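Here the structure comes first, spelled out in structure tokens, and everything after it is commentary.
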Amino acid sequence: MKIRKRLFTNKNARVLLSELLPYELPVSVSNRALFHFVSKYNIKLKGGKLYWDNRNNDISEMVKSTFGLNQNSVVQSVPTSRVSKYIELKDTECATIPFQYRILHKSGDYRELTMIHPLNQLIAVEFYDKYKDLILYYSTISEFSIRKPYRVAKYCVPYDLTFWKKYSFDHEHASGEEMDLTYSTVKSFFVYRRFSNVHKFFESTVYHHCEKKFDKLLSFDIAKCFDSIYTHSLLWALYGKDSVKEVLGQNRDKKTFGSQFDLLMRNLNCKETNGIVIGPELSRIFAELILQQIDRRVMLELKSGNDGLRHKVDYQLFRYVDDYFLFYNNDDIADKVLTNYKIALKEFKLSINTAKTHVLEKPLITGISRAKLRISKMLDDYFRISFAKEDEDGDNSRITIHVSSSRLRSEFKSIIVETGVNPGDITNYVIACIERRISSFYKKVTKNNLRQNDITTCLSYFISVIDFCFYLYSLSPKVSPSIKLCLVLSKIIRFTRVQNALSHDQRHLIYKKIFDEINVMMMKLKVTENAEVESLYLLTVINELGRDYELEEAKLKDYFRITISWHPNYLTIVVLLRLIGDKGRYAKTKSALEKAIIAKYENVTAENRRKNAELVYLFMDMISCPYLDNKIKKKLFILWGLENKFWKRQRDILAQAHDWEKNWISSDFGIELLAKKGREVY
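Each residue of the sequence shown is one higher than the one before, counting from 42 in our numbering.
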């Protein structure tokens, strides 16, 4: 079938969909409402002024609330337009407090991710529009980089709703745009060269060519790269450290590309200069431009040295974000490369992570690569499916597939021990492989009408798959495996719904297995401040099982550690409200949530509430939430600076919040997960 390309509409605003939020967010949290609001009213920032079209409604109060502007900001009319309004921004309004939350990173460790304030997101939209060509230019400096923007993405492939309704189980529909391929959802503003995922590099012809040419491979990375980046160092990289310091003292460089990028990264992080926020693609681009210049300096230094080391001749180096892969034959060459990088990185307040510096000798294959090959073969052997011809009596199943979860576990453990890999480094890959095989299985079995014996075989297969996947997930309960696991479960649930041959008991055999496994994980992985998002995905799956599988309130209270001093963050509040809805059995939990919501605002001074990204996101979602009592909404309006006497303002904002109301409307969980999966970076 021919792929339908469509030019992007509102090219600038689509930055909101792909560049500015972390990948590791609950499936129900996104920038879509903000994108639709900005697109509908032609909201844009230009020259320090925020413009919008009023059309038939005055949306001034909505604009102020959405972008956290001061309630007393003066709204002015554009002289040349009947409908256009604008607010002139103050410099102090552009420095905001981002919302930061934690996810599991490695055993006993976490990573802090950031949601940028909506106002700074709009500033970033203007920045991309103004400087996209310079971003592309400064991304061409390094010969080492294998993940860098090289042109602006032009096309998207829209979802075909008829297709999804007809084949709603099969979500094998890729997302984003990579090289010259087009996909179904917006993955990135730029098209990236050459590899969208580091694992694709290890499987590429480029890697195999280097294996033939060189005997050794040295891998190293930068220690806490994003946390260590000094924002002013971008100017050092682009224009030279000495020149920048001289010009900075004279305040002559404020309008340059480097200065504007530096200012943007500082403002969205509450003026912080040490470290950049982690999560948004914007930060990866900022780091890339610095590392491009460091790469170039190292390459020139190696070439001009006494040995005259030439790239692609004496050595070959590849960098994926902050991970380096050096192919070489002579140990002296590796030492010189490392020494030059240590010197160059130190100038930018960065350093090499010695604990993650490893050398491989021929055959140049890592333990992870060996494990992947063996696991792929294992899955091929166990997931092989065959179909028998029609039998005369019609008593036997035509489907033959034998998947034993106990055998899979045993062989998986054996592979882990023999290859010496950490199970957490491989589980995401294994669950992803199983997800693809589930789709392949479905395509094969639905070509013919299934009989009862076929259904029994399918159910046995799914039970084993669920059991094995939850075992894998227990080894690495991080966000990416959570998403892959949910995709597997979503496809199995969808299968039970579209197959009319399934009885009520057969369907609920699957549902109970899923529900029980989630309960086991909830007992093991109670929510903590360092691990909430991972748990929230599993709760979303419970919603898919229907009212027969609702959690007991006591269990929910225990799982979320709900006490008098409970302080849930924005993400937990939104997901938990979607789970409990307006169900009476969760009255105590809902009451605790409402108190926690109000407390979040009361614990922040009035002058800082609109600068606080978490409170802005929470306000917009809560006033549009159909499950929240109007009394609570009224309190929120007061705390937001809209007193009772301004009820008309409150009413107008409520009437205009329908873009955010869509976040609460039930949607196709599988498609939502697929869109999330398509934005995966690493």
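Beta carbons are placed, not taken as given, at the ideal position from N, Cα and C, and that holds for glycine.
Computed from a predicted structure; not experimentally measured.
Check: residue i C-beta below 7 Å from any heavy atom of the ligand HEM
i, result
"Q162", "Within the structure as shown, the ligand HEM is missing, as the structure has no ligands at all."
Residue i - containing beta strand (DSSP E), residue span
i, result
"I84", "Unbroken run through I84: none, as it is neither H nor E."
"L367", "D364 to Y369"
"E591", "Where E591 is concerned, there is no enclosing beta strand (DSSP E), given that its DSSP letter is neither H nor E."
"T604", "Element bounds for T604: n/a, residue is neither H nor E."
"R360", "Y356 to Y361"
"F261", "K257 to D262"
"W701", "That residue, W701, is in no beta strand (DSSP E); its alpha helix (DSSP H) goes H699 to E702."
"Y668", "Where Y668 is concerned, there is no enclosing beta strand (DSSP E), given that its DSSP letter is neither H nor E."
"R192", "R188 to V193"
"K90", "K90 to D94"
"L401", "H399 to E402"
"F231", "F231 to R235"
"T121", "Here T121 belongs to no beta strand (DSSP E), and DSSP marks it neither H nor E."
"R152", "Y151 to M156"
Among the options, the one whose alpha carbon lies nearest that of residue i
i, options, result
"N238", "V362, D421 and V400", "V362"
"L379", "L617, D262 and R235", "D262"
"N394", "V657, Y658 and S260", "S260"
"L449", "I467, N463, F424 and V462", "F424"
"L386", "L341, D336 and Y627", "D336"
"I633", "T646, M661 and E594", "What sits at residue 633 in the sequence shown is Ala, not Ile. Of the listed residues, the one whose Cα sits closest to A633 is E594."
"S118", "E702, Y151, Y92 and L543", "Y92"
"N644", "R360, N370, R619 and H608", "H608"
"M419", "G465, R690, G682 and V444", "V444"
"S245", "F359, K189, I164 and V232", "F359"
"S71", "Q141, I416 and M156", "M156"
"I384", "Y552, V339 and A716", "V339"
"P264", "T398, S446, K703 and K652", "Per the sequence shown, residue 264 should be read as Ala rather than Pro. Minimum Cα distance to A264 is reached at T398."
"S447", "D670, L513 and L414", "L513"
"S523", "Q141, L580, K312 and Q112", "L580"
"N381", "L341, Y191, N370 and V56", "L341"
"D508", "K485, I533 and K484", "I533"
"K703", "K52, R73, A54 and L57", "R73"
Distance CB(residue i)-CB(residue j) smaller than 8 Å
i, j, result
"I673", "L695", "no"
"I18", "T630", "Any question about residue 18 goes unanswered here, given that the chain covers just 42 to 723."
"S427", "T407", "no"
"L110", "E134", "yes"
"L656", "Y642", "yes"
"L500", "Q547", "yes"
"L160", "I144", "no"
"A654", "H158", "yes"
"F236", "I187", "yes"
"I457", "A412", "yes"
"I496", "L543", "yes"
"F267", "I326", "no"
"L714", "S531", "yes"
"L391", "T468", "no"
"M661", "T297", "no"
"L323", "E721", "no"
"N310", "P120", "no"
"R234", "Y191", "yes"
"V56", "A194", "no"
Extent of the continuous alpha helix (DSSP H) run through residue i
i, result
"D170", "P159 to Y179"
"S125", "Not the alpha helix (DSSP H): S125 falls in the beta strand (DSSP E), residues S125 to E129."
"Y502", "Q493 to L516"
"Q141", "No alpha helix (DSSP H) holds Q141; the beta strand (DSSP E) holding it covers F140 to L145."
"K557", "Reading off the sequence, residue 557 comes out as Asp, not Lys. First-last of the alpha helix (DSSP H) with D557: H545 to K565."
"N649", "A647 to R650"
Nearest-angstrom Cβ-Cβ length linking residue i and residue j, presumed shorter than 8 Å
i, j, result
"V561", "V529", "Actually they do not touch by this definition, with Cβ atoms about 16 Å apart."
"D700", "F78", "5 Å"
"V582", "C527", "6 Å"
"F231", "Q357", "At roughly 25 Å, the Cβ-Cβ gap does not stay under 8 Å, so F231 and Q357 are not in contact."
"G711", "R535", "6 Å"
"K24", "E313", "The first residue shown for the chain is 42 and the last is 723, placing residue 24 beyond what the model contains."
"Y590", "Y552", "6 Å"
"I409", "V471", "No, I409 and V471 are not in contact; Cβ-Cβ is about 12 Å, not under 8 Å."
At least three beta-carbon pairs within less than 8 Å, the segment 123 to 130 to the segment 80 to 97: yes
Any 3 or more C-beta pairs closer than 8 Å across the segment 613 to 620 and the segment 573 to 583: yes
Touching by the beta-carbon criterion (3+ pairs, under 8 Å), the segment 338 to 355 and the segment 86 to 97: no
Three CB pairs or more closer than 8 Å across the segment 391 to 409 and the segment 275 to 283: no
Touch test, the segment 302 to 322 against the segment 261 to 277, Cβ-Cβ under 8 Å, three pairs minimum: yes
Contact between the segment 94 to 105 and the segment 48 to 68 (3+ Cβ pairs under 8 Å): no
Three or more C-beta pairs below 8 Å linking the segment 339 to 351 and the segment 160 to 172: no
Cβ contact check for the segment 182 to 198 and the segment 325 to 336: 3 or more pairs under 8 Å: yes
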